[in-house]
Amino acid sequence: MHDTPDIADRRDAVCVIGAGASGLAAIKNLREHGFAVDCYERETSVGGAWNWRHDRSPVYAATHLISSRPLTEFPDFPMPDSWPDYPHHSQLLSYLERYAKHFGLGEHIWFGTEVVSCEPVGDGRWDVTTQSTGGGSHRVQRYAAVIVANGHNWSPAKPEIPGEFRGTVIHSAQYKDPAQLRNRKVLVIGGGNTGCDIAVEAAQQATTVWHSTRRGYWYAPKYVLGRPADQVNDRMLKWRLPLRLRQWLYRRTLAFTTGDLTRYGLPAPDHRPYESHPIVNSQLPYYLGHGRIRPVPDVTRFADGKVELADGRRIDPDLVITATGYRPRFEFLAPELLDTEEDGRPDLHLHAFARKHPTLAVVGLLQPDAGLLPLAHWQGVAVARWLRLRHDDPVRAAAVQQKESARPVRSWSRRQVIPTRRHWFEVDHIAYLKAVGGLLREMEPAK
């Protein structure tokens with residue numbers, strides 16, 4: 145009897161972890177560059193975060209995109225022109241299902257299969273241990289490379305609030321339906337897009353709604369001058385307007401549309417426009433103006449079954465929803481493989497390429513100011529070219545990869561953002577695509 149199971153050598157095949165939007169883009173681009181691919185997906189269907197049936201999906205009944213259709217679709221697979229500016233989550237899932245079918249990706253995906261561990265075994269190769277999601281025996285296979293696309297919006301970051309609370313506390317990941325809010329006294333904690341969206345839903349369903357935010361944000365409307373706001377921002381970036389001018393225009397736009405929200409009790413922003421992830425919500429000012437949402441400061445503790453706020457006030461909700469974001473998690477990788485810092489933040493070139501392991505990359509670990517899918521597509525192209533160059537011209541690949549993996553973040557991202565976990569992977573989509581384009585040119589076959 146052997147202690148270790150037999151290892152099946154898949155030779156030049158690449159392992160992709162996850163069949164959400166980013167995993168599908170990775171499979172497609174690897175296949176187009178001639179690689180055999182095995183993708184492992186713990187659920188029984190594609191879609192990742194956008195498949196609300198999945199355990200780990202953060203999607204709830206009313207979820208719509210906050211980036212508009214043209215800035216969200218894959219560049220080589222447009223969404224239907226008849227779709228709305230901001231599609232519903234069910235439309236995005238059907239889009240990903242059609243994408244997988246159109247490019248024949250399903251035959252490369254092992255559903256109901258979880259990756260337990262990935263270990264480097266020298267010469268850039270990896271031993272990947274998998275098992276059925278329901279348990280069962282482990283299987284080990286050896287791959288030429290590993291591409292991680294397990295998403296970063298599924299492991300809830302829950303705040304530590306001391307004290308006892310007699311009501312219900314849930315993370316926004318557990319919020320699925322407006323019925324959960326009906327006739328309740330609801331406190332929503334968190335000023336991001338999810339927190340604002342849930343506060344708006346609560347304003348329509350609950351008897352009382354408090355919205356707790358730690359700092360002030362810039363709240364952009366979904367439409368500016370009759371166009372989706374991200375399209376207006378995209379146009380300004382393409383015109384190469386200086387940041388200071390864009391910030392001035394942003395302030396003027398908000399003055400003409402949402403106005404000064406501090407008059408409702410929201411804190412003033414402690415940063416300039418574009419220095420935090422954009423909050424896009426046209427309904428929040430509406431419900432603030434109608435008194436249906438009451439802004440309150442940070443929560444300090446639970447006391448006597450109530451909630452104590454930073455200003456000393458106490459409120460008595462019966463449901464607390466913490467919309468406090470998610471942490472990136474890669475349980476199947478030793479932290480040092482991604483140069484993960486003590487706080488859990490991986491240090492990757494272009495937020496994609498492991499610095500010490502040229503055959504390990506992550507796709508989709510980005511927080512852009514527009515849709516993620518186009519960026520995931522070009523990441524997939526870059527990863528496939530990176531591996532193809534390593535296969536076809538190892539000497540040149542080693543030179544390119546050594547040079548690229550030593551580049552600090554500031555050499556390809558000049559984005560100034562407030563230093564919080566929420567902004568670890570924040571990028572300007574145009575600047576990011578330019579940086580990826582530069583890498584693609586570096587890897588072009590020698591003339």
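Following my numbering, the numbering of the sequence shown begins with 145 at its first residue and continues without gaps.
Even for Gly, the Cβ is constructed at its ideal location relative to N, Cα and C.
Computed from a predicted structure; not experimentally measured.
Asked: In terms of residue numbering, what span does the beta strand (DSSP E) encompassing ALA505 cover?; Found: 504-506
Asked: Can you tell me whether GLY403 sits near the ligand SAM, meaning its C-beta is under 6 Å from at least one heavy atom of the ligand?; Found: Here there are no bound small molecules, and the ligand SAM is not part of this structure.
Asked: Kindly indicate which residue of VAL527, PRO518, PHE476 has the alpha-carbon position closest to the one of ALA496.; Found: VAL527
Asked: Quick check: the Cα distance between ARG197 and ILE305, rounded to an integer number of angstroms?; Found: 30 Å
Asked: Which residues in the same chain have their Cβ closer than 8 Å to the Cβ of ILE151, if we skip the five residues on either side of it in sequence?; Found: ASP271, VAL284, GLN285, ARG286
Asked: Quick check: what's the CA-CA separation for GLY488 versus ALA317?; Found: 20 Å
Asked: Tell me which residues share the same chain as ASP229 and place their Cβ nearer than 7 Å to its Cβ, disregarding the 5 neighbours each side in the sequence.; Found: SER212, ARG213, PRO372
Asked: Ignoring anything shorter than 3 residues or poking outside the stretch 156-233, list the beta strand (DSSP E) runs there in chain order.; Found: 158-161, 181-185
Asked: Give the straight-line distance between the Cα atoms of ILE600 and LEU398, rounded to the nearest whole angstrom.; Found: Because the chain here runs from 145 to 591, residue 600 falls outside it and cannot be looked at.
Asked: Just list the beta strand (DSSP E) runs in the stretch 457-499, keeping only unbroken ones of 3 residues or longer that don't cross its boundaries, in chain order.; Found: 463-466
Asked: List the DSSP bridge partners of GLY279.; Found: SER276
Asked: Determine the extent of the alpha helix (DSSP H) in which VAL544 is found, giving its start and end residues.; Found: 538-549
Asked: Do ALA293 and GLY409 have their CB atoms nearer than 7 Å?; Found: no
Asked: Does the beta-carbon distance from VAL190 to LEU240 come in below 7 Å?; Found: yes
Asked: Whole angstroms is fine: what's the gap from LEU477's alpha carbon to ALA323's?; Found: 39 Å
Asked: Between the beta-carbon of ALA343 and the beta-carbon of ILE437, is there less than 7 Å?; Found: yes
Asked: So, using beta-carbon positions, are TRP194 and LEU237 closer together than 7 Å?; Found: yes
Asked: What three-state label does DSSP hand VAL571 in the structure shown?; Found: strand
Asked: To the nearest angstrom, how far is the alpha carbon of GLU187 from that of SER201?; Found: 11 Å
Asked: Just to confirm the assignment, what range does the alpha helix (DSSP H) spanning LEU453 have?; Found: Not the alpha helix (DSSP H): LEU453 falls in the beta strand (DSSP E), residues 450-453.
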